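Peer 1: I'd like to ask you about the structure that follows.
Number of protein chains: 2
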Amino acid sequence: MVTLDPRSGYVVLINTFTVQPDKAEELLRILSRATEHGMRHRPGFVSANLHVSRDRRYVTNYAQWSSQADLDAMMSDPAARVHMGEAAAMADSFEPIYYELRQSHSAA
Amino acid sequence: MVTLDPRSGYVVLINTFTVQPDKAEELLRILSRATEHGMRHRPGFVSANLHVSRDRRYVTNYAQWSSQADLDAMMSDPAARVHMGEAAAMADSFEPIYYELRQSHSAA
């Protein structure tokens, strides 16, 4: 189960892909495959959560990693770059932003 | 505890605020207050998760709502718009995108 907890200390990578709406499902499949066969076996990977926007113009991965060092190691690995290149080629653009989760608020 | 689960059927709203880095903490406080005193008491609110980017240029709320109808009701309420206006005034821009969580993958 994927949980959000500011005390985890995870690095959060939110990667927003802008796509043509008719390519949203194919991009989802590419990201899913890359996650199952690559990312989730890497040291420090915690979770990837794949979203499709209501208007199908965005496919967004909310990913958790144990540390920045693990994330940097993945990013500098040519094998990982092949997967990312395949996703990038399907999208019009993408914007990866690195975050710290600071607060979680649940319903009263 | 906040959990991500595609089977929940929640509507996910990812709202990315672009800010001057020296305003990131103040925007975080505004969003935190608006969530505690307003949003979390509303019908259909599930969670708000406030992130600050590593470069402090983005403050992003990953919010879960039970249904689009609940989210629409909040959006059309003038009291909620006051809170959102205060946050928007602190930011250079903001981009709310509505999503469905389609897949969650955890570490192998």
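Taken in order, these protein sequences are the chains called A and B.
When we follow numbering that gives the first Met the number 0, the leftmost residue of the first sequence carries the number 0, and every step to the right adds one.
When we follow numbering that gives the first Met the number 0, the leftmost residue of the second sequence carries the number 0, and every step to the right adds one.
Where is the CB? At the ideal position from N, CA and C, for every residue including glycine.
Here the structure is a predicted model, which is why all the values come from computation and not from measurement.
How big is the Cα-Cα spacing for A:Arg56 and A:Thr17?
Peer 2: One-based indexing of the first sequence puts residue 56 of chain A at position 57. One-based indexing of the first sequence puts residue 17 of chain A at position 18. Approximately 6 Å, taken between the alpha carbons.
Peer 1: Thinking C-beta only, is A:Leu3 closer than 8 Å to B:Asn14?
Peer 2: Indexing the second sequence from 1 puts residue 14 of chain B at position 15. Indexing the first sequence from 1 puts residue 3 of chain A at position 4. Not a contact, by the Cβ cut-off of 8 Å.
Peer 1: Inspect the beta-carbon positions of B:Tyr98 and A:Thr34 and report whether they are closer than 8 Å.
Peer 2: Position 99 of the second sequence, counted from the first residue, corresponds to residue 98 of chain B. Position 35 of the first sequence, counted from the first residue, corresponds to residue 34 of chain A. Against a cut-off of 8 Å, the Cβ pair of A:Thr34 and B:Tyr98 comes out as no contact.
Peer 1: So B:Val18 contacts chain A; which residues on that side make the cut at Cβ distance below 8 Å?
Peer 2: Residue mapping note: residue 18 of chain B aligns to position 19 of the second sequence, counting from 1. Those within 8 Å of B:Val18 in chain A number zero; the least Cβ separation is about 13 Å.
Peer 1: Return the Cβ separation of A:Val1 and B:Ser105 in integer angstroms, given the expectation that the two are a contact with Cβ distance under 8 Å.
Peer 2: Position 2 of the first sequence, counting from 1, holds the residue named residue 1 of chain A. Position 106 of the second sequence, counting from 1, holds the residue named residue 105 of chain B. With 8 Å as the limit, A:Val1 and B:Ser105 qualify as a contact, their Cβ atoms being about 6 Å apart.
Peer 1: I'd like the span of the alpha helix (DSSP H) that includes A:Val11, first residue to last.
Peer 2: Taking the first sequence and counting its residues from 1, the one referred to as residue 11 of chain A is at position 12. Looking at the DSSP string, A:Val11 is not in any alpha helix (DSSP H); the run it does join, the beta strand (DSSP E), is 10 to 17.
Peer 1: Going by alpha carbons, who is nearest to A:Gln63 out of A:Met83, A:Arg80, A:Pro42?
Peer 2: Looking up residue 63 of chain A in the first sequence gives position 64. Of A:Met83, A:Arg80, A:Pro42, the residue nearest in Cα terms is A:Pro42.
Peer 1: Using a Cβ-Cβ cut-off of 8 Å, state whether A:Leu27 counts as contacting chain B.
Peer 2: Your numbering for residue 27 of chain A matches position 28 in the first sequence. It does: the Cβ of A:Leu27 has a partner Cβ on chain B nearer than 8 Å.
Peer 1: Let's test the definition: count the other Cβ atoms within 10 Å of the Cβ of A:Ser75 and tell me whether it reaches 16, buried, or not, exposed.
Peer 2: Locating residue 75 of chain A in the first sequence gives position 76, counting from the first residue. A:Ser75 comes out exposed.
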